[in-house]
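Participant:
2 protein chains.
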Amino acid sequence: MNNLASERVCLAEKLKLIDRYWNPKIVGELNGQFIKVAKFKGEFVWHHHENEDEFFLVIKGELKIKLENRELVLREGDFTIINRNIQHLPFAEEETHVLIFEPKSTVNTGQARNELTVDCEWL
Amino acid sequence: MNNLASERVCLAEKLKLIDRYWNPKIVGELNGQFIKVAKFKGEFVWHHHENEDEFFLVIKGELKIKLENRELVLREGDFTIINRNIQHLPFAEEETHVLIFEPKSTVNTGQARNELTVDCEWL
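First to last, the sequence lines map onto chains A and B.
Note that the numbering used here has the first sequence beginning at 35, numbered continuously upward.
Note that the numbering used here has the second sequence beginning at 35, numbered continuously upward.
1. What residue from E63/B, T114/B, C44/B, Q121/B has the CA that sits closest to P137/B's CA?
2. Which first and last residues belong to the beta strand (DSSP E) in which E128/A is found?
3. Apart from the five residues just before and just after E155/A, which ones in its own chain have a Cβ nearer than 7 Å to its Cβ?
4. Give the range of the beta strand (DSSP E) segment to which E77/A is assigned.
5. Would you check if the distance between the CB atom of D87/A and the CB atom of I115/A is smaller than 7 Å?
6. If distances are taken between C-alpha atoms only, which option among L45/B, V43/B, L101/B comes closest to F125/B?
7. Indicate whether at least one CB of chain B lies closer than 7 Å to the CB of I157/A.
8. Would you list the one or two residues that DSSP bridges to C44/B?
9. Nearest-angstrom Cα distance between F53/A and E129/A?
10. Any idea what DSSP makes of L49/A, helix, strand or coil?
11. Name the residue from R118/A, V92/A, N119/A whose alpha carbon lies nearest to the alpha carbon of V107/A.
12. Given N117/B, which residues of its chain have a CB within under 7 Å of its CB, disregarding the five upstream and five downstream residues?
13. At a Cβ cut of 9 Å, what residues of the segment 99 to 119 of chain B count as close to chain A, listed as they run along the chain?
14. Listed from N- to C-terminal order along the chain, which residues in the segment 131 to 144 of chain A have their beta-carbon within a distance smaller than 9 Å of any beta-carbon of chain B?
15. If you pair each beta-carbon of the segment 131 to 150 of chain A with each one of the segment 70 to 85 of chain A, do three or more pairs fall below 8 Å?
16. Measuring CA to CA, which of H83/B, D112/B, V132/B, F135/B is closest to V43/A?
17. Return the bridge partner residues of H159/B from the DSSP annotation.
18. According to DSSP, is V92/A part of a helix, a strand, or is it coil?
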């Protein structure tokens with residue numbers, strides 16, 4: 035449930051509450067989409083989403099996203115959109131803080147269900 | 035058309051290209067939503083959106099949003115979601131840079147069509 039409508043939300047305060055890497059938490063909901071924050075460190079898993087495009091904005095640190103034939107490097111204030119069906123592997127050498135916009139239906143590991151798959155909860 | 039999928043986009047570089055207040059520009063598209071950046075200064079206009087919830091994230095400066103019975107004050111790194119049908123009046127005492135996430139159908143002035151209404155273009 036979105037109980038945050040018309041309230042101020044401080045990203046830094048929300049990120050302080052996250053104690054696990056690769057475990058995005060919901061901080062807002064609008065138009066069938068979720069706003070999430072996450073801490074990334076290390077390497078995630080190759081995956082794609084069949085029906086969802088994803089937006090990643092770096093709040094702090096450096097996020098790399100490996101694609102099939104190249105690699106994106108995103109620093110603070112940079113974003114990218116990974117369209118549906120694009121294979122991608124996010125990784126971060128140091129702890130990196132990220133804002134994510136994606137449809138409510140999105141599973142973090144996409145089609146690759148494994149031990150990294152998490153149910154996304156409100157923070 | 036979204037020609038930015040899987041590319042790095044730097045918010046600060048995009049914002050440098052904006053030379054008019056209250057004129058959001060599109061910098062990304064996903065899941066039927068637009069990512070926009072805007073510079074705000076001064077007072078906008080009271081309005082609401084009948085079918086669209088809006089997300090505002092402050093990149094730089096301070097954004098105030100008057101609501102019917104109170105006022106939000108958002109500083110760098112703060113966001114809010116203004117749900118559909120909520121009357122709101124954005125204003126900024128100094129130049130303020132904002133990231134907006136909203137459905138493609140959104141008109142900047144909502145139901146209040148006037149000289150501030152703009153067709154939103156890609157940056």
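Yeah, the Cβ is synthetic: ideal placement off N, Cα and C, and Gly gets one too.
Computed from a predicted model, the values in this text were never measured in an experiment.
Facilitator: Let me lay it out:
1. The candidate whose alpha carbon is nearest that of P137/B is E63/B.
2. Residues 123 to 137.
3. Excluding five sequence positions before and after E155/A, the CB atoms of its chain that fall closer than 7 Å to its own CB belong to K59, I60, given in chain order.
4. If you look at E77/A, you'll find it in the beta strand (DSSP E) that goes 67 to 77.
5. Going by C-beta atoms, D87/A is nearer than 7 Å to I115/A.
6. Answer by Cα proximity: L101/B.
7. Reading off the sequence, residue 157/A comes out as Leu, not Ile. Interface with chain B (7 Å Cβ-Cβ cutoff): L157/A is excluded.
8. Looking at the DSSP assignment, C44/B forms a beta bridge with D112/A.
9. Reading off the sequence, residue 53/A comes out as Asp, not Phe. Pairing D53/A with E129/A, the inter-Cα distance amounts to about 11 Å.
10. Correct three-state label for L49/A: helix.
11. Of the candidates R118/A, V92/A, N119/A, the one whose C-alpha sits nearest the C-alpha of V107/A is V92/A.
12. Hits under 7 Å: D87.
13. For the segment 99 to 119 of chain B, the set of positions with a beta-carbon nearer than 9 Å to some beta-carbon of chain A reads I99, L101, R104, L106, V107, L108, R109, G111, D112, F113, T114, I115, I116, N117, R118 in chain order.
14. Those would be L133, F135, E136, P137, in chain order.
15. Yes, the segment 131 to 150 of chain A touches the segment 70 to 85 of chain A.
16. The alpha carbon of V43/A has as its nearest neighbour, out of H83/B, D112/B, V132/B, F135/B, the alpha carbon of D112/B.
17. Nothing about residue 159/B can be read from this structure; chain B reaches only from 35 to 157.
18. DSSP places V92/A in the strand class (E or B) of the three-state scheme.
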